[in-house]
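Undergrad: Just passing along the structure, written as structure tokens.
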Amino acid sequence: MNLYEIQQGGVALATTDIEVDAQKRCSIILNKNGCQLSTCREQCFKSYNGFGSCTPISFGSYICSCFYNCPPL
């Protein structure tokens with residue numbers, strides 16, 4: 026981590042430069058025929074250790090989408 030200080034008009038500003046190893050996110054559709062939020066979240070968590078969400082596809086229609094950390098290559 027690098028720390029930078031900038032003097033500006035008598036005020037010291039500090040910023041940090043942090044390097045992270047970001048995990049890539051993947052997604053999969055668990056149910057394209059509708060979505061019940063609690064079931065979607067439970068299924069996604071149990072199957073992928075991810076976060077399930079009801080995603081709109083058209084007015085009043087939803088699918089169950091699961092977002093999770095991609096497995097390493």
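My numbering applies: residue 26 is where the sequence shown begins, and numbers increase by one. Each residue gets a CB set at the ideal place from its N, CA and C atoms; glycine is no exception.
In the DSSP assignment, find the alpha helix (DSSP H) that holds Cys69 and state where it starts and stops.
TA: Looking at the DSSP string, the run of the alpha helix (DSSP H) that includes Cys69 is 62 to 73.
Undergrad: Helix, strand or coil, according to DSSP, for Phe84 in the structure here?
TA: Coil, per DSSP.
Undergrad: Does Gly77 pass the burial test, meaning 16 or more other C-beta atoms within 10 Å, or should it be called exposed?
TA: Gly77 comes out buried.
Undergrad: Looking only at C-alpha atoms, which of Asn94, Pro96, Cys95, Ile88 sits nearest to Gln61?
TA: If we check each option's Cα against that of Gln61, Ile88 comes out closest.
Undergrad: Between Ser90 and Ser63, is the Cβ-Cβ spacing less than 8 Å?
TA: No, these two residues do not count as a Cβ contact at 8 Å.
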